[in-house]
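Chemist: According to full-length UniProt numbering, numbering within the sequence shown proceeds without interruption in unit steps and concludes at 232. Quick reminder that beta carbons are idealized off the backbone N, C-alpha and C, glycines included.
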Amino acid sequence: MFAFFIPTMSAMRAWIRASTVITFSYTIILLVLMIKEGKTNSAKNSYEIPGSKVGKVFNGFGAISAIVACNTTGVLPEIQSTLREPAVKNMRKAIGLQYSLGLVFYYGVSIVGYWAYGSEVSEYLPKELKGPNWIKVLINLAVFLQTIVSQHMYVTPIHETLDTNFLQLEESIHSKENIKRRIFLRFAFFAGNTFVVTALPFMGNFVNLFGSLALIPVTFVFPSMIFLKVSL
Numbered sequence: 001m002f003a004f005f006i007p008t009m010s011a012m013r014a015w016i017r018a019s020t021v022i023t024f025s026y027t028i029i030l031l032v033l034m035i036k037e038g039k040t041n042s043a044k045n046s047y048e049i050p051g052s053k054v055g056k057v058f059n060g061f062g063a064i065s066a067i068v069a070c071n072t073t074g075v076l077p078e079i080q081s082t083l084r085e086p087a088v089k090n091m092r093k094a095i096g097l098q099y100s101l102g103l104v105f106y107y108g109v110s111i112v113g114y115w116a117y118g119s120e121v122s123e124y125l126p127k128e129l130k131g132p133n134w135i136k137v138l139i140n141l142a143v144f145l146q147t148i149v150s151q152h153m154y155v156t157p158i159h160e161t162l163d164t165n166f167l168q169l170e171e172s173i174h175s176k177e178n179i180k181r182r183i184f185l186r187f188a189f190f191a192g193n194t195f196v197v198t199a200l201p202f203m204g205n206f207v208n209l210f211g212s213l214a215l216i217p218v219t220f221v222f223p224s225m226i227f228l229k230v231s232l
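1) So I35 packs on V112, CB below 8 Å; how close in whole Å?
2) Which residue comes first and which comes last in the alpha helix (DSSP H) that contains residue 234?
3) If you measure from the beta carbon of F189 to each beta carbon in chain B, is any gap under 9 Å?
4) Around the Cβ of H174, are there at least 16 other Cβ atoms within 10 angstroms (buried) or fewer (exposed)?
5) Would G108 pass as a contact of L31 if the rule is Cβ separation under 9 Å?
6) Pull up the CB-CB distance for M153 and I16, whole angstroms please, since I reckon it's below 8 Å.
7) Please name the residue, chosen from N208, E85 and P223, that lies closest to I64 on a Cα-to-Cα basis.
8) Got a sec? Which residues, its chain only, sit under 6 Å from G62 by beta carbon, not counting five neighbours each side?
9) Is the stretch 180 to 187 close to the stretch 140 to 153, with three or more CB pairs under 8 Å?
10) Taking Y47 as the reference, give the member of F189, T147, S119 and L213 with the closest Cα.
11) If distances are taken between C-alpha atoms only, which option among A199, W134, G38 and H159 comes closest to T8?
12) Exposed or buried, which one is S19 when buried takes at least 16 other CB atoms within 10 Å?
And the structure:
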């Protein structure tokens, strides 16, 4: 429904602001609750990493791949900063903000969650909370809303490409024919996504694989090759 009523990136301006506020709000609340619970749980927690040496090595590489996959969001503000002069200065500001303030929250939640609940902590930290039910509901609702907006931002270019190719461009985007076509395109897209996710139950491992094969070379190897090519 959200993808249907917000069909373009330009229509997301207010939603992106709301998503930012929601993200900071539930992250701060989650940090406060985890610190509070960690003060009573930390003495009973086990921080030993289970598994064999080989398993630990592969899990370590998988974690690195997952970190790289999740941190590629820094590319978005960098690209957006090129729309205004001076592009280089704006890009540096955007990247500096992403990898300073952004990482404080990103790694802060991970480190505090590990300290508060030990090595057996759930991948979804709100699941570990033992506070009042209304706080759990509030945090899960905030996560749900933020996920809708953030994921829609990533797939909007795909939606716009499909709309450009399959909608009748000579008519209004809200015409009856274009509305029917847009409903079909959105349904087909999300049905395909749902099928892939269902067919790949180990989604975490898939993210690690994707990060290791695609994003690590693009993030670390390719920029180094460009630098060496320009320098020589």
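Modeler: Concretely, from the data shown:
1) 6 Å
2) What the structure shows of the chain is the stretch from 1 to 232, and residue 234 is not part of that stretch, so it cannot be assessed.
3) Protein chains in the displayed structure number just one, and chain B is not present.
4) exposed
5) yes
6) 7 Å
7) N208
8) N208
9) no
10) S119
11) H159
12) buried
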